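Trainee:
Chains as they are written, first to last, in UniProt numbering: chain A, 1 to 218; chain B, 1 to 231.
#1: Flag this pair as yes or no: are the beta carbons of residue 111/B and residue 21/B separated by less than 9 Å?
#2: According to DSSP, which residues form a beta bridge with residue 154/B?
#3: Measure the CB-CB distance between residue 60/B and residue 50/B and report whether it falls below 9 Å.
#4: Based on Cα-Cα distance, which residue from 27/B, 70/B, 48/B and 95/B lies nearest to residue 66/A?
#5: Could you tell me the boundaries of the alpha helix (DSSP H) in which residue 169/B lies?
#6: In the DSSP assignment, find the alpha helix (DSSP H) that holds residue 65/B and state where it starts and stops.
#7: Can you pull the chain A residues whose beta carbon is under 8 Å from the beta carbon of residue 84/B, in chain order?
#8: Unbroken alpha helix (DSSP H) runs of length 4 or more, entirely within the stretch 153 to 210 of chain A: which are they?
#9: In whole angstroms, what separates the C-alpha of residue 204/A from that of residue 30/B?
#10: How would you list, in chain order, the residues of chain A whose beta-carbon sits under 7 Å from the beta-carbon of residue 167/B?
#11: How is residue 65/A classed by DSSP in three states: helix, strand or coil?
#12: Counting only beta-carbon atoms, is residue 187/B nearer than 9 Å to chain A?
#13: Look up residue 109/A in the DSSP assignment and give the residues it is bridged to.
#14: Which of the residues in the stretch 157 to 168 of chain A, read from start to end, lie with their CB under 9 Å from any CB of chain B?
#15: Under 8 Å, CB to CB, which of the residues in the stretch 177 to 197 of chain A have a partner in chain B?
#16: Use the C-beta contact count for residue 127/A: other C-beta atoms within 10 angstroms, 16 or more gives buried, fewer gives exposed.
#17: From the DSSP output, in three-state form, read off residue 1/B for me.
#18: In whole angstroms, what is the alpha-carbon distance linking residue 206/B and residue 157/A?
#19: Taking beta-carbon pairs under 9 Å, can you tell me which members of the stretch 93 to 106 of chain B lie near chain A?
#20: Ordered along the chain, which non-local residues of its own chain (more than five positions away) have a Cβ less than 6 Å from that of residue 134/A?
#21: Return the residues of the stretch 43 to 72 of chain A that lie within a Cβ-Cβ distance of less than 7 Å from chain B, sorted by chain order.
#22: Please report the distance separating the alpha-carbon of residue 4/B from that of residue 23/A.
#23: Checking the sheet assignment: what are the DSSP bridge partners for residue 45/B?
#24: State buried or exposed for residue 135/B, treating a residue as buried only when at least 16 other CB atoms are found within 10 Å of its CB.
#25: In chain A, which residues lie less than 7 Å from residue 198/B when you measure between Cβ atoms?
#26: Which residue wins for smallest C-alpha separation from residue 179/A, given the options 115/A, 109/A and 138/A?
#27: If the cut is a Cβ gap below 7 Å, which residues of chain B does residue 94/A touch?
#28: Who are residue 159/B's beta bridge partners in DSSP?
#29: Using a Cβ-Cβ cut-off of less than 9 Å, list which residues of the stretch 80 to 91 of chain A approach chain B; keep chain order.
#30: Could you check whether the Cβ of residue 217/A sits closer than 9 Å to any Cβ belonging to chain B?
#31: Nearest to residue 86/B by alpha carbon, out of 63/B, 43/B and 40/B?
#32: Exposed or buried, which one is residue 213/B when buried takes at least 16 other CB atoms within 10 Å?
#33: Can you name the residues of chain B whose CB is closer than 8 Å to the CB of residue 132/A?
#34: Please check the pair residue 181/B and residue 137/B, which I expect to be a contact at CB under 8 Å, by giving their CB distance rounded to whole angstroms.
#35: Taking the beta carbon of residue 42/B as the centre, do at least 16 other beta carbons fall within 10 Å, making it buried, or is it exposed?
#36: Residues of chain B with CB closer than 7 Å to the CB of residue 135/A, please, in chain order.
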C-alpha cells in the first residue's frame with residue numbers, strides 16, 4: 001500500500017470519530033487530509049491563528065494570504081465562521097473549549113504521552129501550538145503512520161524524544177490499528193489493515209491489552 | 001490627522017537594544033514596510049517578539065539578514081533557514097515559547113498582569129526551571145508577561161483617530177501586541193474618516209495606537225508585493 005493511501009485511510013478513520021456539533025482543531029501532517037472526509041458532518045474547524053468555521057481551499061482568483069490555515073495555506077470561511085485574535089484562539093484551546101484536537105506524532109508511549117515537536121540531536125527551534133493543544137483540548141487523537149520511514153517503531157514503552165506534555169492522549173490511529181488510552185493504559189480497539197496480531201505486536205513495542213471492538217477487514 | 005506619520009520618522013524612535021513586539025503569523029498580518037525601514041536603518045541588538053521570524057529573506061527575516069537582531073522570542077523558527085543558521089553559529093539568541101503562551105504573555109503584558117499559571121508545556125523541556133504550583137485540578141507552571149518598548153502592528157485600515165480593523169486572519173497577534181508596548185505604530189493599507197468604521201467593528205481602539213503609517217506594499221493576487229514588483 002502506498003504511503004499516501006495509508007495516510008488517507010488514517011484520515012478517514014479519524015473523521016468517522018467526529019460527532020455533529022463538535023469543534024475540531026487539525027494539526028499539521030496527516031490531520032490536514034481530514035477536511036476531505038468530513039462531508040455531511042456538522043463539525044466546525046478551529047485554526048490556531050484565529051479562525052472558527054474554516055472551509056476548503058479557495059479557487060486561485062479568491063486566494064487571500066491573510067485568510068490562511070495554521071499551515072499557512074489559503075483557506076475559505078464557511079457560513080457562520082468567526083475570526084478572533086491569537087490570545088482568544090489559545091484561550092479556546094487551553095480552556096478546554098475545543099472538543100477534539102487531531103495531531104501528528106513522532107512517538108507515543110504506552111501511557112499515552114506524546115512527543116511531536118523535537119528530535120534529539122537536532123535544533124529545537126519550533127514548537128508552535130503543539131503543547132497548547134496537548135494540554136488543553138478535551139480529546140486528543142493522534143494520527144500517525146505506525147512506524148517511521150526507516151521502519152523504526154513509533155508506539156513505544158517509553159519516549160526517547162522530548163515529551164510534548166504530561167497530559168495523555170485519548171486515541172492513536174495508524175494504518176494498521178486504532179488504540180485507546182484509559183488511566184495510563186493502552187488498549188487495542190480495532191485492526192484496520194490485513195495485518196496479523198503477531199505482526200502488529202512485532203512493530204509495536206508499547207505494551208497494550210487486546211480489547212477489540214470491531215474488526216474491519218475480517 | 002494627528003497620528004499620521006512617515007515610516008522613516010517613526011522608525012527613528014526605535015533605539016538600539018529595544019524590545020520590539022511585532023504582529024503577524026508568518027507573513028500574514030506583518031508590518032512589512034516598517035520592517036524594511038528597520039532593516040535599512042542599521043539598528044543594533046534588537047530583540048524581536050513575534051510568532052516567527054517571517055520567512056527566509058522576507059518580512060522579519062530581513063532583520064536577520066541586515067544584522068539588526070540580538071534575540072528572537074517566538075514559537076516557530078524552523079521554517080526560516082537563516083534563523084536556524086544564525087542560531088547555530090551563536091549569532092542569534094532564541095527563546096522558544098509555546099504559541100498560546102506567547103499570545104497570553106503579551107496579552108498579560110498589556111493588561112497589567114505580571115504572569116500566569118498554565119498547564120501548557122508541563123512535563124516538557126520548556127518547563128525546566130519554571131515555578132510549578134499545584135492548584136485544585138493539578139499542577140501548573142508560571143509564565144511571565146511580555147512587554148515591549150515598541151509594538152509594530154499591521155492592520156487593514158485605520159480611521160483618523162487611530163482605531164484599527166484587521167484583514168481576516170491577518171489579525172492574529174496584532175491586537176495583543178498593540179496593547180503591550182510603550183510606543184505603538186500601526187501600518188495600514190488605508191485611512192478613513194473617524195465614524196466610517198462602525199464602533200462594533202473596531203478591534204483595536206485608538207487609545208492603544210500612537211502612530212499610523214501607510215504601507216508601501218501593494219496587495220496583488222491576495223499577496224502583498226513590493227511596489228517595484230507590482231503590475
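For each residue, glycine too, the CB sits at the ideal point set by N, CA and C. Because the structure is a prediction, the values reported are computed rather than measured.
Mentor: So, from the listed chains and residues:
#1: Along the second chain, read from residue 1 onward, the residue named residue 111/B stands at position 111. Along the second chain, read from residue 1 onward, the residue named residue 21/B stands at position 21. For residue 111/B and residue 21/B, no; Cβs fall outside 9 Å.
#2: The count along the second chain starts at 1 and reaches residue 154/B at position 154. 187/B, per the DSSP bridge assignment.
#3: Counting from 1 along the second chain, the entry for residue 60/B is found at position 60. Counting from 1 along the second chain, the entry for residue 50/B is found at position 50. In contact: residue 60/B and residue 50/B (Cβ atoms closer than 9 Å).
#4: For the purposes of this step, residue 66/A is identified with residue 66 of the first chain, where counting begins at 1. Closest by alpha carbon: 27/B.
#5: Within the second chain, residue 169/B is the residue found at index 169, counting from 1. No alpha helix (DSSP H) contains residue 169/B, which DSSP labels as neither H nor E.
#6: Within the second chain, numbered from 1, the residue matching residue 65/B stands at position 65. Secondary structure note for residue 65/B: its alpha helix (DSSP H) is the uninterrupted segment 61 to 66.
#7: Translated into the one-based positions of the second chain, residue 84/B becomes position 84. In chain order, 123 and 125 make up the part of chain A whose C-beta sits under 8 Å from the C-beta of residue 84/B.
#8: 197 to 202
#9: Taking the first residue of the first chain as 1, we reach residue 204/A at position 204. Taking the first residue of the second chain as 1, we reach residue 30/B at position 30. Straight-line Cα distance between these residues: approximately 45 Å.
#10: Counted from its first residue, the second chain places residue 167/B at position 167. Residues of chain A passing the Cβ test: 66.
#11: Reading the first chain from its first residue, position 65 is the one you call residue 65/A. Three-state result, residue 65/A: coil.
#12: Walking along the second chain from the start, residue 187/B turns up at place 187. With 9 Å as the cut-off, residue 187/B does not count as an interface residue toward chain A.
#13: On the first chain, residue 109/A is found 109 positions in, with the first residue counted as 1. Answer by DSSP bridge pairing, in chain order: 156/A.
#14: For the stretch 157 to 168 of chain A, the residues whose beta carbon sits under 9 Å from a beta carbon of chain B are, in order, 162, 163, 164, 165, 166 and 167.
#15: none
#16: On the first chain, residue 127/A is found 127 positions in, with the first residue counted as 1. Buried, since its Cβ has 16 or more Cβ neighbours within 10 Å.
#17: Against the second chain, residue 1/B aligns to sequence position 1. In this structure, residue 1/B counts as coil in the three-state DSSP scheme.
#18: As a first step, residue 206/B must be located in the second chain, where it is residue number 206. As a first step, residue 157/A must be located in the first chain, where it is residue number 157. So the two alpha carbons sit approximately 55 Å from each other.
#19: If the cut-off is 9 Å between Cβ atoms, the stretch 93 to 106 of chain B has 94, 96, 97, 98, 99, 100, 101, 102, 103, 104 and 106 near chain A.
#20: Along the first chain, read from residue 1 onward, the residue named residue 134/A stands at position 134. Same-chain partners within the cutoff: 164, 165 and 167.
#21: Identification of residues in the stretch 43 to 72 of chain A having a C-beta nearer than 7 Å to some C-beta of chain B yields 48, 49, 50, 51, 63, 64, 65, 66, 67, 68 and 72, given in sequence order.
#22: Stepping through the second chain from its first residue, residue 4/B is reached at position 4. Stepping through the first chain from its first residue, residue 23/A is reached at position 23. Each residue's alpha carbon lies about 41 Å from the other.
#23: In the second chain, residue 45/B corresponds to position 45, counting from 1. Residue 45/B is not bridged to any residue.
#24: If you number the second chain from 1, residue 135/B lands on position 135. Under this definition residue 135/B is an exposed residue.
#25: Indexing the second chain from 1 puts residue 198/B at position 198. Residues of chain A passing the Cβ test: none, with the nearest at roughly 16 Å.
#26: The sequence position of residue 179/A within the first chain is 179, counting from 1. The option with the nearest alpha carbon to residue 179/A is 109/A.
#27: Sequence index remark: in the first chain, residue 94/A carries index 94 (1-based). Residues of chain B passing the Cβ test: 100, 118 and 120.
#28: As a first step, residue 159/B must be located in the second chain, where it is residue number 159. 192/B, per the DSSP bridge assignment.
#29: 83, 84, 85, 86, 87, 88, 89, 90 and 91
#30: For the purposes of this step, residue 217/A is taken as the residue at position 217 of the first chain. For residue 217/A, the predicted structure reports a pLDDT of 45, less than 50, and the residue's modelled location is therefore unreliable. The matter cannot be settled from this model.
#31: Your numbering for residue 86/B matches position 86 in the second chain. For residue 86/B, the nearest C-alpha among the options comes from 63/B.
#32: Against the second chain, residue 213/B aligns to sequence position 213. So residue 213/B counts as buried.
#33: Start at 1 with the first residue of the first chain, and residue 132/A comes out as number 132. Per Cβ cutoff of 8 Å: 98, 99, 100, 101 and 120.
#34: Taking the second chain and counting its residues from 1, the one referred to as residue 181/B is at position 181. Taking the second chain and counting its residues from 1, the one referred to as residue 137/B is at position 137. Rounded, the Cβ-Cβ distance is 34 Å, inconsistent with contact.
#35: Here residue 42/B refers to the residue found at position 42 when the second chain is read from its first residue. Under this definition residue 42/B is an exposed residue.
#36: Here the question's residue 135/A lines up with position 135 in the first chain. Near residue 135/A (Cβ distances below 7 Å), the residues of chain B are 119, 120 and 122.
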